Amino acid sequence: MTILYLEVTLRASWVHSLKEKRMILKSIVQKLKNKFNISVSEVDEQDIHQKIIIGIAGLCANSAQCDSTMENIITFIEDNTDAEMVEISKEELRV
Numbered sequence: 001m002t003i004l005y006l007e008v009t010l011r012a013s014w015v016h017s018l019k020e021k022r023m024i025l026k027s028i029v030q031k032l033k034n035k036f037n038i039s040v041s042e043v044d045e046q047d048i049h050q051k052i053i054i055g056i057a058g059l060c061a062n063s064a065q066c067d068s069t070m071e072n073i074i075t076f077i078e079d080n081t082d083a084e085m086v087e088i089s090k091e092e093l094r095v
């Protein structure tokens with residue numbers, strides 16, 4: 001078994017309030033949970049309205065499935081939000 005962990009940093013330069021940020025965040029978090037059956041949450045910078053940092057965790061059968069899932073998640077985020085992807089931290093943990 002392999003645990004995948006992604007930390008994705010997004011920049012939404014057009015956002016001018018925390019309310020706007022929450023709307024974007026809730027949308028992408030719910031879409032990710034429904035599509036991939038993973039745990040998703042905002043993990044840092046909650047008070048900065050133009051920066052969104054999402055933590056994603058999931059369980060995979062093997063390393064190959066983990067890599068494939070990570071790539072699919074990244075592609076899904078790029079396709080489903082107007083925010084610019086600034087940084088991606090990937091981690092795999094064998095259990």
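Under full-length UniProt numbering, the first residue of the sequence shown is numbered 1, with each subsequent residue one higher. Beta carbons are placed, not taken as given, at the ideal position from N, Cα and C, and that holds for glycine. Given the structure is predicted, the values throughout are model-derived calculations rather than measurements.
- M85 sits in a strand when the DSSP states are folded into three classes.
- In the displayed model, V8 falls within a strand according to three-state DSSP.
- About 14 Å separates the beta carbons of T2 and E71, which is beyond the 8 Å limit, so they are not a contact pair.
- Considering only K90, V15 and S13, the residue with the shortest C-alpha distance to I54 is K90.
- Linking R94 to N62 through their CA atoms gives a straight-line distance of about 8 Å.
- Between M23 and E42, the alpha-carbon positions lie close to 12 Å from each other.
- Looking at K26, D47 and K31, the one whose alpha-carbon comes closest to that of S17 is D47.
- Q50 sits away from V8, with the two beta carbons spaced by 8 Å or more.
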